[in-house]
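Heads up: the structure comes next, in structure tokens.
Protein chains: 2
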Amino acid sequence: MLRTHTCGQLRSEHIGQDVTLCGWVESKRDHGGSVFIDLRDRYGLTQVVVGPPEADSALIDSAGRVGTESVILIRGKVSPRLEGKVNEKLDTGEIEVRCEHYEVLNPCPTPPFTPSQQELPGEDLRLKYRFLDLRRPAMLRSLELRSRIIKIMRDYFAEHNFIDVETPILGRSTPEGARDYLVPSRVHPNSFYALPQSPQLYKQILMVAGFDRYVQVAKCFRDEDLRADRQPEFTQLDMEMSFVDQDDVMNMIEGLVQRTAKELKGTDVTLPLPRMTWDESMRRFGTDAPDLRFGMEIVDITPIAATCEFRVFRGAADGGGFVRGIRLEGQATEFSRKRIDELTEYVKQDFGAKGLAWFRVEDDGKLWSPTSKNFTAEQLQQIGEALEAKPGDLLMFLADTWEVTCKGLAGLRKRLGAELKLYEPDAMSYSWVTNFPMFEHDPEEQRWVAMHHPFTAPLTEDLDKLKEDPAACRAQAYDLVINGSEAGGGTIRIHNGETQQQVFELLGIDEQTARDRFGFLLDALKYGAPPHGGIALGVDRWVMLFAGLDNIREVIAFPKTQKASDLMTEAPGEVDAKQLKELHLRTVKV
Amino acid sequence: MLRTHTCGQLRSEHIGQDVTLCGWVESKRDHGGSVFIDLRDRYGLTQVVVGPPEADSALIDSAGRVGTESVILIRGKVSPRLEGKVNEKLDTGEIEVRCEHYEVLNPCPTPPFTPSQQELPGEDLRLKYRFLDLRRPAMLRSLELRSRIIKIMRDYFAEHNFIDVETPILGRSTPEGARDYLVPSRVHPNSFYALPQSPQLYKQILMVAGFDRYVQVAKCFRDEDLRADRQPEFTQLDMEMSFVDQDDVMNMIEGLVQRTAKELKGTDVTLPLPRMTWDESMRRFGTDAPDLRFGMEIVDITPIAATCEFRVFRGAADGGGFVRGIRLEGQATEFSRKRIDELTEYVKQDFGAKGLAWFRVEDDGKLWSPTSKNFTAEQLQQIGEALEAKPGDLLMFLADTWEVTCKGLAGLRKRLGAELKLYEPDAMSYSWVTNFPMFEHDPEEQRWVAMHHPFTAPLTEDLDKLKEDPAACRAQAYDLVINGSEAGGGTIRIHNGETQQQVFELLGIDEQTARDRFGFLLDALKYGAPPHGGIALGVDRWVMLFAGLDNIREVIAFPKTQKASDLMTEAPGEVDAKQLKELHLRTVKV
Numbered sequence: 002m003l004r005t006h007t008c009g010q011l012r013s014e015h016i017g018q019d020v021t022l023c024g025w026v027e028s029k030r031d032h033g034g035s036v037f038i039d040l041r042d043r044y045g046l047t048q049v050v051v052g053p054p055e056a057d058s059a060l061i062d063s064a065g066r067v068g069t070e071s072v073i074l075i076r077g078k079v080s081p082r083l084e085g086k087v088n089e090k091l092d093t094g095e096i097e098v099r100c101e102h103y104e105v106l107n108p109c110p111t112p113p114f115t116p117s118q119q120e121l122p123g124e125d126l127r128l129k130y131r132f133l134d135l136r137r138p139a140m141l142r143s144l145e146l147r148s149r150i151i152k153i154m155r156d157y158f159a160e161h162n163f164i165d166v167e168t169p170i171l172g173r174s175t176p177e178g179a180r181d182y183l184v185p186s187r188v189h190p191n192s193f194y195a196l197p198q199s200p201q202l203y204k205q206i207l208m209v210a211g212f213d214r215y216v217q218v219a220k221c222f223r224d225e226d227l228r229a230d231r232q233p234e235f236t237q238l239d240m241e242m243s244f245v246d247q248d249d250v251m252n253m254i255e256g257l258v259q260r261t262a263k264e265l266k267g268t269d270v271t272l273p274l275p276r277m278t279w280d281e282s283m284r285r286f287g288t289d290a291p292d293l294r295f296g297m298e299i300v301d302i303t304p305i306a307a308t309c310e311f312r313v314f315r316g317a318a319d320g321g322g323f324v325r326g327i328r329l330e331g332q333a334t335e336f337s338r339k340r341i342d343e344l345t346e347y348v349k350q351d352f353g354a355k356g357l358a359w360f361r362v363e364d365d366g367k368l369w370s371p372t373s374k375n376f377t378a379e380q381l382q383q384i385g386e387a388l389e390a391k392p393g394d395l396l397m398f399l400a401d402t403w404e405v406t407c408k409g410l411a412g413l414r415k416r417l418g419a420e421l422k423l424y425e426p427d428a429m430s431y432s433w434v435t436n437f438p439m440f441e442h443d444p445e446e447q448r449w450v451a452m453h454h455p456f457t458a459p460l461t462e463d464l465d466k467l468k469e470d471p472a473a474c475r476a477q478a479y480d481l482v483i484n485g486s487e488a489g490g491g492t493i494r495i496h497n498g499e500t501q502q503q504v505f506e507l508l509g510i511d512e513q514t515a516r517d518r519f520g521f522l523l524d525a526l527k528y529g530a531p532p533h534g535g536i537a538l539g540v541d542r543w544v545m546l547f548a549g550l551d552n553i554r555e556v557i558a559f560p561k562t563q564k565a566s567d568l569m570t571e572a573p574g575e576v577d578a579k580q581l582k583e584l585h586l587r588t589v590k591v
Numbered sequence: 002m003l004r005t006h007t008c009g010q011l012r013s014e015h016i017g018q019d020v021t022l023c024g025w026v027e028s029k030r031d032h033g034g035s036v037f038i039d040l041r042d043r044y045g046l047t048q049v050v051v052g053p054p055e056a057d058s059a060l061i062d063s064a065g066r067v068g069t070e071s072v073i074l075i076r077g078k079v080s081p082r083l084e085g086k087v088n089e090k091l092d093t094g095e096i097e098v099r100c101e102h103y104e105v106l107n108p109c110p111t112p113p114f115t116p117s118q119q120e121l122p123g124e125d126l127r128l129k130y131r132f133l134d135l136r137r138p139a140m141l142r143s144l145e146l147r148s149r150i151i152k153i154m155r156d157y158f159a160e161h162n163f164i165d166v167e168t169p170i171l172g173r174s175t176p177e178g179a180r181d182y183l184v185p186s187r188v189h190p191n192s193f194y195a196l197p198q199s200p201q202l203y204k205q206i207l208m209v210a211g212f213d214r215y216v217q218v219a220k221c222f223r224d225e226d227l228r229a230d231r232q233p234e235f236t237q238l239d240m241e242m243s244f245v246d247q248d249d250v251m252n253m254i255e256g257l258v259q260r261t262a263k264e265l266k267g268t269d270v271t272l273p274l275p276r277m278t279w280d281e282s283m284r285r286f287g288t289d290a291p292d293l294r295f296g297m298e299i300v301d302i303t304p305i306a307a308t309c310e311f312r313v314f315r316g317a318a319d320g321g322g323f324v325r326g327i328r329l330e331g332q333a334t335e336f337s338r339k340r341i342d343e344l345t346e347y348v349k350q351d352f353g354a355k356g357l358a359w360f361r362v363e364d365d366g367k368l369w370s371p372t373s374k375n376f377t378a379e380q381l382q383q384i385g386e387a388l389e390a391k392p393g394d395l396l397m398f399l400a401d402t403w404e405v406t407c408k409g410l411a412g413l414r415k416r417l418g419a420e421l422k423l424y425e426p427d428a429m430s431y432s433w434v435t436n437f438p439m440f441e442h443d444p445e446e447q448r449w450v451a452m453h454h455p456f457t458a459p460l461t462e463d464l465d466k467l468k469e470d471p472a473a474c475r476a477q478a479y480d481l482v483i484n485g486s487e488a489g490g491g492t493i494r495i496h497n498g499e500t501q502q503q504v505f506e507l508l509g510i511d512e513q514t515a516r517d518r519f520g521f522l523l524d525a526l527k528y529g530a531p532p533h534g535g536i537a538l539g540v541d542r543w544v545m546l547f548a549g550l551d552n553i554r555e556v557i558a559f560p561k562t563q564k565a566s567d568l569m570t571e572a573p574g575e576v577d578a579k580q581l582k583e584l585h586l587r588t589v590k591v
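Taken in order, these protein sequences are the chains called A and B. Offset between the first sequence (1-based) and the numbering used here: plus 1. Offset between the second sequence (1-based) and the numbering used here: plus 1.
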């Protein structure tokens, strides 16, 4: 190595040693005829002093001219810092290196921005000059954390006898699901590979092949219009097990959750994790990914609303809708009308709610609001009791369809939980949501679609409902939820060809289409498929959650923008006509 | 878990226990009113006996009808096998399970082939029914070995403080090198991503970003016409280090070689590994990937040939060619004329040699051949001495250009090494070849091409030759060679923008083109790039070498054929017109 030590390594015990350091010039300043350089590398920062008597004036001059972010190599002796100059905040703060030799390995002109500058430049500039942006300690830390989390996952599954198998990136297009990225074939004209949306079918094949326990950190691809927290390529910890039921898969993952929390946060997670059915989760939290770091559960007061004179409540209740609310503890006097109006706008804009009703709980325990005259005292009391209201609380209600009350109240809950700081910033909550519906009805396409994917097994007791009542048929499906985010989703799979055909039919995939697209899976199910199931964990999401970040691009080294561009390499880009010709393709000018 | 134990777990210490096993029916036979089933899973084979008194006749009947490769669950008691029936070859051979309960989890009709059948079916059938083929213990073992090798690699680099960083699969097309796989962009009409041929540029960017040590098990893609040992997608252990010279990278990899050999083979590898320059390797072995498991080095007798009357030798020597040969120890009487004729055909066909000359070393130490009359006794003696010939040896020579003698003799050496069993079947040899030429001259395109890639740094002492004598300019490049195969290749990179520009120019990439394709790299080199270098190890190759296999498709779960097809999923396939329309593409009918 060109260096003897890193910039994070030297301590007072090294005093007197001759060392060579390499790194980037984080900053420099002239002071009393010496040049002080803060030399940075991945491991830390060391103060280098270029001054007499070790350095002659030529050396001092040249050090004085070095540009920030230049790469230099220095040799010198480790020395104690002067009294009062010790920097407690720095691991190397007790020492400095007095430079005897100095070499610029690569100079740097003024960069578009520096990693140490206080205010971050716009994200586009950061992405274009990602090599500068990644020098920021925050980016380095988040990618180190990512590397560590993936290592923990891999080690855990290796210890539990999982085989790490790589499945193909060049696969077959199966239009069920999201939009595929396609790769034209040169050898087979007018044929295309597709990049995998997940290794789902391959891992099922591995179970049929008797691999028993499979794991892979897998790249997956979806050509979707990107929301803030999506990327065209993303990473899943993908696993599958044979001869299991859903408890076995969940137990395996709980062990991983426990270990990860211990290693990264030093906290002990009690197992088993809380489990809640999908029905219960929608009822209590309005979402299938409830944030259990705080309470503020949803309460249904439809029966009370059905009796009142308040048109909004009564109308919803009479029209088959629901009136549901939440309680903001001690917030009665904290929330101005303006703030309530903001929240009203929020539920209208984001969730299509018609409005937001609210009550203040007065000192005497009575509910008051501008509309409280439309309620009898008894009704107000019942509402208060339903929400366990105490003096000083603020109650908020939506009166709408089940879906709108779910989404609106879940949104309010999420926002208020953060704004009111209802949980510690580093609190973590882990739980399961189970018994998802098998199907959702797509009103646009007028057909059933699979809530997870078409290979999900129904609950054994719901098998009959496959035909009779698809809407009521529940799945052997389970989502891992961390801090109100879906951190993983899994199912037990159908291991029986007939059931698989039946589900395909229900989804409107006729026998021929099923054969064309999934023939190999149907074959595999025919020739000795074991019962099996698994889960996929969102690696990007895990890193975000454990790092406390809310932008997926902060946990990916080279992310794409929301327009799926890489601003650094300028991908995607034009290609030579020759390349297209070889692929038997012509572009259609837009 | 549906089972209490695996099929490889039960020993005599379990006798008397009630157990539940799940697995595949490997075979069954009726004997004395009982049905004996060999039940198989990933972990082993257990004998299950369905017979009286535990099983009633209905159970015995139904077990008798179960098809091979069906998946069953059985419950019963672990019992000792009868005396004389213990199967020493089987880990579970001391016991059997006497079945009390029996359930078919999934029946299997007669499969296209069974994993246990003696003779393998054709590879096409194996690939089509890969889920059956992967049940064969040999396939399972080779994929377990793969998983283990990758784990050893990852653990090793994690211990050495490397950060595992995922680089993008959707990148930018850089037509230098092999042919790219393209991915049309929907969002950006007429633009394309390319799948990476390697993460080369991204890992250099990470060094510029100060990551210091990077590692990744990376999928790489090349759309080439496939040779037997290539795949359109393949896996590299990719790493990069900053502030290093080539010894640092080689030392790091040697530690990995040592550990891998120890863990997989139990052998101690002495470090440092042998190192040889490219010149020396071509001289002694005719190849840049010499197999050091045996001798049979190439000897140059051109000076002797230049004096003889044998037209073939004399002509080559006079025409600027070479006469070089190898010695087959003790093979003088073993090789028939027919066998020599076969080898002659081989060097003609495969390497364009004009013929193969040979000498037998007689009991008196004298060389004899049909053409020996064209040599003086002294010349024959000199030839014998040059090759250190002993009575009973056979000498073989090619007289041709340097290239043909290299390729032909390397080919002969490889073939004879295997045929004559000159090394133990499980012998392993590891070595380095260094100081590769920077450039090769492409006679077709009449230009210089990079021997490794355009980012390779020249040897410091050869910097001047970049302009003056590109052919003589050597690179800071090093290949790891295992058993005569390239198992990895690395270089120290250019970390200086000017040198990089100079190399681009030499390769015929003008400034504008360089800017268009590699602008971000040139920027990165400008803004503080540290000296850096790395290596990529061929993971598929490593697994083949450590497993002793010579077909890459035996170490990949779902490989493609030589026509880049997946016979199981039938990828690539046709796609919907709608998909192409969204991508602004039209296919050109062929």
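The beta-carbon is built from N, C-alpha and C at its ideal position, and this holds for glycine as well.
Item	Value
Hey, out of S432(B), R66(B), V589(B) and R147(B), whose CA is closest to G485(B)'s CA?	S432(B)
Measuring CB to CB, does I341(A) end up less than 8 Å from L410(A)?	no
Taking only the alpha-carbon atoms, compute the straight-line gap between M251(A) and Y424(A) and give it to the nearest angstrom.	26 Å
Does DSSP put V209(A) in a helix, in a strand, or in coil?	helix
What number of angstroms, rounded off, separates the C-alpha of H454(A) from the C-alpha of M439(A)?	9 Å
Do you know offhand how far G385(B)'s Cα is from F323(B)'s?	17 Å
Tell me, please, which residues DSSP counts as bridged to R76(B).	T21(B) and H102(B)
How is V250(A) classed by DSSP in three states: helix, strand or coil?	helix
For F521(A), which residues in chain B fall below 7 Å Cβ to Cβ?	M569 and T570
If you drop the 5 nearest sequence neighbours on each side, which residues of the same chain put their C-beta closer than 6 Å to that of D213(B)?	S243
How is the alpha helix (DSSP H) around M242(B) delimited, first residue to last?	No alpha helix (DSSP H) contains M242(B), which is instead part of the beta strand (DSSP E) from E234 to S243.
Closest by CA to L417(B), which one among T402(B), Y347(B) and P459(B)?	Y347(B)
Between V67(A) and chain B, is there a C-beta pair that is closer than 8 Å?	no
Would you give the residue range spanned by the alpha helix (DSSP H) that Q513(B) belongs to?	E512 to K527
List in chain order: all unbroken alpha helix (DSSP H) runs of 4+ residues lying wholly within the segment 254 to 313 of chain A.	279 to 286 and 303 to 306
Please classify N408(B): is it buried, with 16 or more other beta-carbons within 10 angstroms of its beta-carbon, or exposed?	Asn is not the amino acid found at residue 408(B); the sequence shown has Lys there. By the 10 Å Cβ count, K408(B) comes out buried.
Quick one: which chain B residues come within Cβ less than 9 Å of W25(A)?	G211, G529 and P531
Shorter than 8 Å from the beta carbon of G94(A) to some beta carbon of chain B?	no
Strictly under 8 Å for the Cβ-Cβ distance: is E167(A) near chain B by that measure?	yes
Examine the Cβ distances between the segment 264 to 271 of chain B and the segment 231 to 249 of chain B and report whether three or more of them are shorter than 8 Å.	no
What residues from chain B crowd round Y194(A), counting only those whose CB sits closer than 7 Å?	A572 and P573
Please name the residue in H533(A), P197(A), P459(A) and R542(A) whose C-alpha comes closest to that of M2(B).	H533(A)
Under DSSP, the alpha helix (DSSP H) around I384(B) begins and ends at which residues?	A378 to A387
Out of V51(B), C23(B) and Q350(B), state which residue places its alpha-carbon closest to the alpha-carbon of I38(B).	V51(B)
Of the choices M297(A), I206(A), A358(A) and Q383(A), whose alpha-carbon is the least far from that of P371(A)?	A358(A)
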